[in-house]
Amino acid sequence: MKTTIKKTKIFTLSIFIAVSLNLSASNIFAGEPKHESITTELIETLDKYPEIKEMLLKSLEKAKSINPDIVTNPAQDLKSYYSYIDNASKLIPQQILDVPAVLIRDQILQSICYFYFLIDQPLTELENLGYFNNSLQYYPPFSGWLQHFAQTWGKFLSTSESWTPETYKQFYDDPQFGLQIEWYEAPSNWTTFNEFFSKNLRSPCERPIGCANSPSIVVSPADSEPQGVWPIDENSNINFGKGLTVKLARYYKVGDLLAKDSKYKDIFANGLLTHTFLNVFDYHRYHFAVGGTVIEKKIIQQNVALEVTWSEEEGKYIPIDSEGWQFSQTRGYVIVDTDEFGIVALIPMGMAQVSSVNFEKNVTVGTKHNKGDKLGYFLFGGSDFIMLFQEKAGFEIMVQQNEDMKTYKHILMGVKYGVMKGEK
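Position one of the sequence shown corresponds to residue 66 (this note's numbering), numbered consecutively onward.
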């Protein structure tokens with residue numbers, strides 16, 4: 066019985082890619098299609114840079130050797146890859162028919178993961194060149210085309226074509242999206258997928274702010290799953306397992322998260338970094354985790370990448386949330402002076418095609434904000450949120466851990482995330 070259930074689950078997940086992207090062997094190879102403009106841009110890029118074309122072919126071949134199944138991996142050569150990109154650029158993230166609503170988030174995640182699986186294969190040509198990984202998605206100008214793809218898809222998701230009553234019902238039927246709890250504004254406000262995805266709360270009461278009058282308490286900036294805390298050394302480096310080699314350990318420089326001309330890139334020495342992950346079903350507006358005055362604000366456009374592996378046992382693609390990818394990813398940041406507890410950096414981080422990092426219009430340098438005030442929002446997909454604390458803050462994370470004592474429980478925006486105990 067267990068074997069039958071497992072096979073059914075694998076089959077159900079395996080059809081997500083082909084059905085959700087309208088791909089099949091018959092329409093992939095049915096004549097010469099008229100490509101979407103973003104696909105034409107890719108073809109022109111490959112013609113201009115033959116070495117990238119060769120690397121893309123190698124990457125597709127490696128992906129095929131790992132998962133040769135035409136259903137879960139339909140883009141196995143350039144022609145089918147072009148067809149795949151045509152469809153992916155106008156994909157509506159939604160559930161397919163006859164699949165339980167509770168699996169909608171898996172279908173969305175599978176669609177995103179498959180896109181990156183094809184271009185996340187290790188290539189010897191890109192070894193030791195200083196990229197986060199030696200895969201094509203980090204290599205310019207292909208990485209530049211990936212940014213254009215994310216922007217193109219984002220524009221489509223801001224059109225009325227991306228949202229229908231049927232799409233709304235599919236998200237409503239999955240309780241993890243919270244629509245049945247009536248947390249959010251009236252659904253009549255959503256005429257596009259992105260309006261739905263960046264939806265507002267019905268009332269601030271839906272996310273009460275913990276210890277609102279206590280400046281030492283740090284609250285969760287978003288509905289998310291905390292990932293932990295990492296110390297920053299005296300040289301503003303953090304050991305994430307990759308990065309610059311220092312005494313046989315590998316480090317990233319925290320200042321690289323901020324703009325090169327930031328006045329505050331070296332002030333977090335001996336402080337702490339923490340980050341928390343937003344899943345596709347989470348409320349995707351982020352808020353001030355601490356109160357204070359905005360002293361710097363930037364949006365940095367860089368990679369739109371994701372590490373992905375294929376699990377043959379589970380019959381699905383699995384994202385890898387390894388530390389360090391944030392240092393080259395599209396992101397924004399707001400630096401806040403809390404006065405008593407020093408300076409805190411709030412860094413909303415785009416992940417994969419979630420490259421649209423947006424700040425509220427009233428968040429400008431010199432403005433004061435209370436803990437829990439709106440900071441900004443992401444458009445489509447999972448995302449991440451980093452916070453940097455100075456040594457003088459004495460920050461300690463206070464989130465409840467799971468039974469494995471390694472991971473943390475999912476929390477809502479506004480609940481107690483940690484405490485700043487001040488200088489010891």
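Note that beta-carbon positions come from the ideal geometry of N, C-alpha and C, so glycine has one too.
- Query: So what's G479 in DSSP terms, helix, strand or just coil?
  - Reply: coil
- Have a look at T105 and F182 and give me their C-alpha separation to the nearest angstrom. 21 Å
- Range covered by the alpha helix (DSSP H) that runs through S115: Correcting the residue type first, residue 115 is Pro in the shown sequence and not Ser. Element bounds for P115: 115-131.
- Task: Output yes or no for whether 8 Å exceeds the beta carbon distance between P291 and V464.
- Result: yes
- Exposed or buried, which one is L343 when buried takes at least 16 other CB atoms within 10 Å? buried
- Message: In the DSSP output, what is R350 paired with across the bridge?
- Response: Y442
- Where D142 sits in the DSSP three-state scheme: coil
- Message: Can you find the residues in the same chain that come closer than 7 Å, C-beta to C-beta, to G459, ignoring five residues on each side of it along the sequence?
- Response: M485, K486, G487, E488, K489
- Roughly how many whole angstroms lie between the Cα atoms of T395 and K220? 17 Å
- Message: Judging by CA-CA distance, which residue of V136, E299, C178, L477 is the nearest neighbour of G437?
- Response: L477
- Item | 8 Å Cβ cutoff met for K481 and G293 | no
- Message: According to DSSP, simplified to helix, strand and coil, what is Y473?
- Response: strand
- When Y473, E456, K474 are compared against P296, the one with the closest alpha-carbon: E456
- Chain-order list of residues whose beta-carbon lies under 8 Å from that of S225 (same chain, five-residue window excluded): T256, T257
- Message: Using beta carbons (cut-off 8 Å, strictly below), is L266 in contact with chain D?
- Response: Absence of chain D from the displayed structure is noted, only one protein chain being present.
- Whole-number beta carbon distance between V430 and I332, since they are thought to touch under 8 Å: Between V430 and I332 the Cβ distance is about 16 Å, and since that is not below 8 Å, they are no contact.
- Message: What does the Cβ neighbour count give for T217, buried or exposed, with the cut at 16 atoms within 10 Å?
- Response: buried
- Over what stretch of residues does the alpha helix (DSSP H) that includes L211 continue unbroken? 207-221
- So what does DSSP say about T105, is it helix, strand or coil? helix
- Note down the Cα distance separating A334 from I408, rounded to an integer number of angstroms. 12 Å
- Item | Boundaries (first-last residue) of the beta strand (DSSP E) holding Q292 | 290-296
- Query: Secondary structure at P98, three-state DSSP: helix, strand or coil?
  - Reply: coil
- Endpoints, alpha helix (DSSP H) assigned at N423: Segment 422-424 is the beta strand (DSSP E) holding N423; no alpha helix (DSSP H) there.
- Alpha carbon to alpha carbon, what distance is there between A140 and E377? 18 Å
- Task: Can you tell me which of the three DSSP states N368 falls into?
- Result: strand
- Query: To the nearest angstrom, how far is it from the Cα of S176 to the Cα of G415?
  - Reply: 17 Å
- Message: Is the beta carbon of S227 closer than 8 Å to that of I157?
- Response: yes
- Query: Which whole-angstrom value is the C-beta distance of I495 and Y147, which I expect to be below 8 Å?
  - Reply: With the chain running from 66 to 489 in the structure shown, residue 495 is simply not present.
- Message: Suppose the cutoff is 6 Å on Cβ atoms and the five residues either side in sequence are ignored; what does the same chain contact list for D288 look like?
- Response: D347, Y348, L477, M478
- Message: Tell me whether I103, by its Cβ, gets closer than 7 Å to a heavy atom of the ligand NAD.
- Response: This structure lacks the ligand NAD, and indeed carries no ligand of any kind.
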